[in-house]
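Trainee: 17 is the number of the first residue of the sequence shown in our numbering; add one for each residue after it.
Backbone N, C-alpha and C fix where the C-beta goes; we use that ideal spot for every residue, glycine too.
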Amino acid sequence: MVNAGERPLGLYVELPLDESGRARLRRLGTGSVWFAEPGTVSAADARALADADIALGNPGADRVAEAPRLRWLQLASVGIDDYLGLDWPVLGRRLTVTNLGDVFAGPVAESCLAGILALHRGIDELCGLRSRGTWAKSEVRPRLRLLAGAHVLVLGRGSIARRFAELLGPFDCRVSHFARGSGDIRTPAELDVRLPDFDVVVGLLPGTPGTRGLLDARRLARMRPGAVLVNAGRGSLVDEEALVSELSSGRLGGAVLDVTDTEPLPAGHPLWTCPNVVLTQHTAGGSTDEGVRVIDLFAENLHRFVTGTPLRNPVRWDRGF
C-alpha cells in the first residue's frame, strides 16, 4: 500500500503507444510518467527507470536489476524468459513482477484454431495456389480433412489452454490436457504412452527447464501418423530439426507454429519451406485492441498496488512462470 505523505509515484513506460494510450496513462494519476521508445533506449531513459517506482513494458533485465527504487514491474508479455537469470531470491524482496496472464488467451486460442483449420481445410495450400494462378481442385479436394470429432491433446492448462478447449466445443472434439498437477496426463511417462492417441497436439506451455525439449525427436516420432502439431507457447518446446524431418517425410500431417526457438526465424531456415507448415510469426496474441487491453490490466493492477490488494498475474520465480 502507498502511504499518505509518500512522494508521488514515478512511472516508467517502455511500450509502443499512440498519443491516446499515453494520455490514458497520464490520467491514471501516478505522478510523473516517462515514456521511452522500445529499441532506442537513451541515457535519459535509463536514468528515468532508475528513478521509477513502477515500470510498464519489458525493459532490459540488467536495467531492471539496477533500478533501486523499482517496486513493481508490469510486463507487456506473458513470457518472462529474459528475466529468469536475475537474482530473484534477493531482488524479489523489493520488486514484484506481474505479466499479462490471460490478456492474450482469446487471441492466441483463436490463432491456434485458425491454423488447424487452415491445414485441415487446405486454406494455406489454396492461398499459395492462388498466388501462382494455379487451379488444382481435383488434387486438393480429396485431401481435405475435418476437425470435427478429432482427439486433441493440449499441453498445458492455463488460461490460453482453457479458452482453446472452449473454442473446440462446437467441433465435438475429445480434449485431453497434459499438466503435472491437474491434467488427464500428468507425467512425461504417461505422455509417452498416450501421444499416439491424438490427431492434434497443441503446445501452450511456459518456457521452463522442465518444458525445454519436451517434444524431442523421440516424442515427435511417437505422434500419430498424419497428426498436426501446434506450438504457441515457447519455441524451446520442440526439437525443430526433428520436426522438419517428420514433416518433410510426410509422416506428420502439418504444423502450426506461432513461436520458434530463434526469432526472427533466420533466412534459409528449413521451416520457411517445409511442407504443411503455417508460420504465424509470434503474432497470435495480437488484436486491434491489444494496447487497450494491456492498459486495462495495468490500470486495475495500479489500483491494487496503491490500495495494498494482491496484484493480478504475479510471476512465480520458483516455478518459472
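Once the 5 residues before and after R309 are set aside, which same chain residues still bring their CB inside 8 Å of it?
Mentor: Closer than 8 Å at the Cβ level, and outside the excluded window around R309, lie V119 and S303.
Trainee: Cutting at 7 Å between CB atoms, please list the residues of its own chain near I104, excluding the five before and the five after it.
Mentor: Before going further, note that residue 104 is Trp rather than Ile in the sequence given. So the qualifying residues of the chain are W333.
Trainee: According to DSSP, is G73 part of a helix, a strand, or is it coil?
Mentor: It is a strand residue.
Trainee: Cβ of L272 within 8 Å of Cβ of C128?
Mentor: In the sequence on display, residue 272 carries Val and not Leu. Yes.
Trainee: Would L162 be called buried (16 or more neighbouring beta carbons within 10 Å of its own) or exposed?
Mentor: When all chains shown are included, L162 counts as exposed.
Trainee: CA-CA distance, G199 and R40?
Mentor: When rounded, the distance between both Cα atoms is 41 Å.
Trainee: Do you know how far the Cα of C290 is from the Cα of A64?
Mentor: Approximately 46 Å, taken between the alpha carbons.
Trainee: Taking C-beta to C-beta, are L89 and A71 nearer than 8 Å?
Mentor: In contact: L89 and A71 (Cβ atoms closer than 8 Å).
Trainee: Based on the DSSP secondary-structure assignment, which residues constitute the bridge partners of V89?
Mentor: Note that residue 89 is Leu in the sequence shown here, rather than Val. The partner list for L89 (beta bridge, DSSP) reads A71 and V113.
Trainee: Would you call the CB atoms of G266 and P222 closer than 8 Å?
Mentor: Not in contact: G266 and P222 (Cβ atoms no closer than 8 Å).
Trainee: Using 8 Å as the threshold, is the stretch 96–114 in touch with the stretch 147–166, meaning 3 or more CB pairs across them?
Mentor: These segments do not touch.
Trainee: L287 to T323, Cα distance in whole Å?
Mentor: When rounded, the distance between both Cα atoms is 49 Å.
Trainee: Identify every residue that forms a DSSP beta bridge with N329.
Mentor: DSSP lists no partner for N329.
Trainee: So, is E257 buried or exposed, given that buried needs 16 or more other C-beta atoms within 10 angstroms?
Mentor: E257 is exposed by the Cβ-count criterion.
Trainee: Is it buried or exposed, E279, if we count other Cβ atoms within 10 angstroms and call 16 or more buried?
Mentor: E279 should be labelled exposed.
Trainee: If you measure from the CB of L245, is any heavy atom of the ligand GDP nearer than 7 Å?
Mentor: Ligands in the displayed structure: none, and consequently the ligand GDP is not present.
Trainee: Buried or exposed, going by whether 16 or more other CB atoms sit within 10 Å of the CB of E262?
Mentor: Its Cβ being crowded by 16 or more others within 10 Å, E262 is buried.
Trainee: Check E30 in the structure and name its three-state DSSP category.
Mentor: E30 falls in the strand class under three-state DSSP.
Trainee: Check for me: the alpha helix (DSSP H) holding S192 runs from which residue to which?
Mentor: First-last for S192: R190 to F194, but that is the beta strand (DSSP E), not the alpha helix (DSSP H).
Trainee: Check this for me: beta carbons of N329 and N74, under 8 Å apart or not?
Mentor: Contact flag unset, no.
Trainee: How far does the alpha helix (DSSP H) with G122 in it extend, from its first residue to its last?
Mentor: Taken as a continuous stretch (DSSP letters only), the alpha helix (DSSP H) holding G122 covers A121 to H136.
Trainee: Between the beta-carbon of A152 and the beta-carbon of D188, is there less than 8 Å?
Mentor: Not a contact, by the Cβ cut-off of 8 Å.
Trainee: Give the straight-line distance between the Cα atoms of G242 and R234, rounded to the nearest whole angstrom.
Mentor: Roughly 16 Å between the two C-alpha positions.
Trainee: Quick one: using the 10 Å Cβ neighbour count with 16 as the cut-off for buried, is P186 buried or exposed?
Mentor: Classification of P186: exposed, given that the 10 Å Cβ count is below 16.
Trainee: Does the Cβ of H319 have 16 or more other Cβ atoms within 10 Å, making it buried, or fewer, making it exposed?
Mentor: Exposed is the call here.
Trainee: State the DSSP-derived secondary structure class of M17, mapped to helix, strand or coil.
Mentor: Interpretation of M17 is limited by its pLDDT of 49, a score under 50 that renders its predicted location unreliable; the figure taken from the coordinates is listed afterwards. Three-state result, M17: coil.
Trainee: Taking only the alpha-carbon atoms, compute the straight-line gap between G55 and A177 and give it to the nearest angstrom.
Mentor: So the two alpha carbons sit approximately 31 Å from each other.
Trainee: Measure the alpha-carbon distance for V218 versus L31 and round it to whole angstroms.
Mentor: If you take the alpha carbons of V218 and L31, they lie about 30 Å apart.
Trainee: Tell me, to the nearest whole angstrom, how far the beta carbon of G366 is from that of T276; I am working on the premise that it is less than 8 Å.
Mentor: Any answer about residue 366 is impossible in this case: the structure gives the chain only from 17 up to 337.
Trainee: Enumerate in chain order the residues of its own chain whose CB-to-CB distance from F321 is below 6 Å, with the five nearest sequence positions on each side excluded.
Mentor: Excluding sequence neighbours, F321 sits near W88.
Trainee: Who are the Cβ neighbours of A77 in its own chain at under 8 Å, not counting the five residues just before and after it?
Mentor: D98, Y99, G101 and L102, listed in sequence order.
Trainee: Measuring alpha carbon to alpha carbon, tell me which of L230, Q297 and P212 ends up nearest T203.
Mentor: Answer by Cα proximity: L230.
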